[in-house]
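Let me begin by presenting the structure, written as C-alpha cells, before commenting on it.
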Amino acid sequence: MRLVYVAHPLRGNPEANMASIEYIMQSLVEAHPGTNFFSPLHGYSYFDCAGPQDGVMACCLDMIDRADEVWFFGDWASSEGCTKELLHSFRKGKRVAFKSLEALNALEALETAFKVMREKNSPCRERIPEDDPCSA
C-alpha cells in the first residue's frame, strides 16, 4: 500500500488548521481508497504545539523517510515545520506534490522570489556545503 505523508501548517492558527486537515484527510481517504495517508497533525497530536518542536520534527522527518510521497496543503510556505519537511523531502528524493490552491499559490510565490534572485545574480544562489551546520 502506498504511504503518503500529508503536510499542513498547524501553529499559526491551530483550531482552524485542525479543522482544515480534518476535512482534507476525510476527502483524501474517500477519493483514494487503497492509499495510506499519514497526517502528523493527527499522529503526533500528543506533542504540545506551543512547546519546543525538535522532538515532533524528528518524528515527522522519520515518517517522511518511510513515505512514498509527500503532499502539501495550506499555506505551507509560512510554516517553519512545513518548510523543513519540504527541504527534507527534496534531500531524500521523495515525490512531492502541492495539492491545494493555497499550497500552489505559496509555491508560485516562492518560484517568483527565486526568479528575481537569479535575475539580480543574488549571492543566495551559492550552494551551501553539506557540512555547514546551518544546512541541516
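Anchor point for the sequence shown: position 73 equals 75 in our numbering, and the numbering is continuous, going up by one each time. We treat Cβ as the ideally placed atom computed from N, Cα and C, and that holds for glycine.
Three-state class that DSSP yields for residue i in the structure shown
i	result
residue 7	strand
residue 69	coil
residue 13	coil
residue 92	helix
Exposure of residue i, with buried meaning 16 or more beta-carbon neighbours within 10 Å
i	result
residue 35	exposed
residue 25	exposed
residue 118	exposed
residue 31	exposed
Top-ranked residue by Cα proximity to residue i, from the options
i	options	result
residue 77	40, 102 and 44	102
residue 100	42, 79, 43 and 16	79
residue 18	43, 30 and 94	43
residue 92	105, 63 and 81	63
Contact set for residue i: own chain, Cβ-Cβ below 6 Å, skip 5 residues either direction
i	result
residue 2	As shown, the chain starts at 3 and ends at 138. That puts residue 2 outside it, with no answer to give.
residue 89	none
Residues near residue i by beta carbon distance below 7 Å, same chain, minus five either side
i	result
residue 108	77, 78 and 79
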